[in-house]
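Notes follow once the structure below has been shown.
In UniProt numbering, the protein residues as written are 1 to 465.
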């Protein structure tokens, strides 16, 4: 049956803004005949990049479902989120009060990036694991638009939920597209405008029918333009954030293959501006491989260790129902600063049986030399074991027991910890280098949080939080 609940619309709000990507993004198409293995979605008629309204609505809904509780005395809960976006329950369908338009790219640049899938057991490149991606470069922009139909019942609570989602999008807390938990798809929104149409007023109905947008709502901030008398209170987001500064110990190599014949055969990866960088996929891959070893050792069980790692980094294989779990850990891309111009090296490949060189196996490469880099991680609503394993991973990276990138067997990819900070549910900790990594709470009473998280990594340990 179809449940009709559109009988009492008080207002229509047309909300528009300019969405700008601050990191590369992939809005993936299903096309298989493009220039890359993963190509961006384009409008079939005009050809510019396309941001589907369904993708934007899905990202907003997912964020609100994670942010708001299942029940709340003020009505700001997951049930109201389902009411805002529509829901299907059994044979009953509830239509959405929020309509999200498709958006075409108005400012866009394209870049290509190679990738490689690593076999977690051998730590080498997987068979047929090489791929490349077509990405939207940072600065690519879309004009986005929403229509919110304010109902007579639950109107204010639904508008508050809408504000929570749009303000998170504005701040960059919602990512879009593929690999968004690996540093891609971060965006902000600028220049909000709101058009209000009172559906009990004849002149506003005529304005709406004519699509008259000459009378935007006053105000500077989004909540003012939406008609709130004060900024709505949004639930506190339980998040762990780690930001740590590292020095590259000698050289680093994440391979990229130039098309210019005058360039070396292999160089360290750079972004579109030519700055050396470390993609989030490389960082997360190295962390995951080490996490498998740590979890199996601490929990005395390979199976229990795999469950914890899959819970944190996402599942590699589908469960019994055929579903995959996405990563809960967000790993940001990182730009290397203060580095040298690179070190050109000529190399040859040796036949292990004869001790001689392979025919035609002379090549050269240019790894990245020294420099500093900030690595940033975050996870929402982490458990104590998840925090514990992240801290142990950070320590291994800090002390040089964990490498990132290729050619680690010849000394590349090692780091040295310098300084950092950790914020866990609003509690702040400083990270310093004092004969190894040292975590110091701003408030001494919070010191036991770190100890508890580390100690929770043991067989049959229960998370009390």
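Glycine is no exception: its CB is placed at the ideal position from the N, C-alpha and C atoms.
Asked, Found
"On the DSSP bridge assignment, give the partners of residue 364 in chain order.", "346"
"Taking the C-alpha atoms as reference points, what is the distance between residue 93 and residue 86?", "8 Å"
"Going by DSSP, what residues sit across from residue 162 in a beta bridge?", "DSSP lists no partner for residue 162."
"For the stretch 245-252 against the stretch 402-417, do three or more pairs of beta-carbon atoms, one drawn from each stretch, fall closer than 8 Å, so that the two count as touching?", "yes"
"Applying the 10 Å Cβ sphere with the 16-neighbour rule, what's the burial state of residue 473?", "Residue 473 lies beyond the stretch modelled for the chain, which goes from 1 to 465, so this question has no answer here."
"Which partner residues does residue 257 have in the DSSP bridge list?", "DSSP lists no partner for residue 257."
"What residues are listed by DSSP as bridge partners for residue 246?", "373 and 417"
"Taking only three categories from DSSP, how would you classify residue 218?", "coil"
"Pick helix, strand or coil for residue 263, following the three-state DSSP scheme.", "coil"
"Is it right to say residue 467 is buried, meaning 16 or more other beta carbons lie within 10 angstroms of its own, or is it exposed?", "No answer is possible for residue 467: the residues shown for the chain start at 1 and end at 465."
"So which of 136, 70, 224 and 98 has the shortest CA-CA distance to residue 186?", "136"
"Check each candidate in 14, 281 and 372 and name the one with the smallest Cα separation from residue 497.", "This structure cannot settle anything about residue 497, because the visible part of the chain is limited to 1 through 465."
"Measuring alpha carbon to alpha carbon, tell me which of 58, 223 and 66 ends up nearest residue 78.", "66"
"What number of angstroms, rounded off, separates the C-alpha of residue 5 from the C-alpha of residue 60?", "Per-residue confidence for residue 5 stands at a pLDDT of 39, beneath the threshold of 50, marking its modelled position as unreliable; the derived number appears in the next sentence. When rounded, the distance between both Cα atoms is 22 Å."
"Give, in chain order, every unbroken run of the beta strand (DSSP E) that is at least 3 residues long and sits entirely within the UniProt domain \"CRISPR type III-associated protein\" (33-187).", "87-89, 92-94, 98-100, 103-107, 110-118, 125-136 and 141-151"
"Specify whether the stretch 189-199 and the stretch 21-32 touch according to this definition: at least 3 beta carbon pairs, one from each stretch, less than 8 Å apart.", "no"
"Of the residues 390, 123, 365 and 211, which one's Cα is nearest the Cα of residue 454?", "390"
"If you reduce the DSSP assignment to three classes, tell me which class residue 201 lands in.", "coil"
"Let me know the secondary structure DSSP gives residue 440 once reduced to three states.", "strand"
"Using the three-state DSSP reduction, which class does residue 499 fall into: helix, strand or coil?", "Since the first and last residues shown for the chain are 1 and 465, residue 499 lies out of range."
"First and last residue of the alpha helix (DSSP H) that includes residue 14?", "Per DSSP, residue 14 belongs to no alpha helix (DSSP H); it is in the beta strand (DSSP E), 9-21."
"Do residue 156 and residue 38 have their C-beta atoms within less than 8 Å of each other?", "no"
"Have a look at the DSSP bridge pairing and note the partners of residue 276.", "270"
"Tell me the rounded alpha-carbon separation between residue 81 and residue 259.", "49 Å"
"Could you round the C-beta distance between residue 275 and residue 367 to whole angstroms and report it? I think they count as a contact, below 8 Å.", "At roughly 15 Å, the Cβ-Cβ gap does not stay under 8 Å, so residue 275 and residue 367 are not in contact."
"Which one of 416, 382 and 177 has the shortest CA to CA distance from residue 237?", "382"
"My parser needs the alpha helix (DSSP H) runs of 4 or more residues fully inside the stretch 379-411; what are they?", "384-398"
"Here's a check: name, in chain order, each residue in its chain whose Cβ is nearer than 6 Å to the Cβ of residue 379, leaving out the five neighbours to either side.", "240, 328 and 329"
"Cα separation between residue 287 and residue 393?", "7 Å"
"On a CA-only basis, which of 36, 162, 42 and 202 is nearest residue 97? Give me that one, please.", "162"
"Just the C-alpha distance for residue 338 and residue 100, rounded to the nearest angstrom, thanks.", "43 Å"
"Note the first and the last residue of the continuous beta strand (DSSP E) segment covering residue 330.", "329-331"
"Are the CB atoms of residue 158 and residue 520 within a distance shorter than 8 Å?", "Any answer about residue 520 is impossible in this case: the structure gives the chain only from 1 up to 465."
"Helix, strand or coil: which one does DSSP assign to residue 303?", "helix"
"Would you kindly work out how many angstroms separate the C-alpha atoms of residue 283 and residue 373, rounded to a whole number?", "12 Å"
"What are the boundary residues of the alpha helix (DSSP H) that residue 455 is part of?", "447-455"
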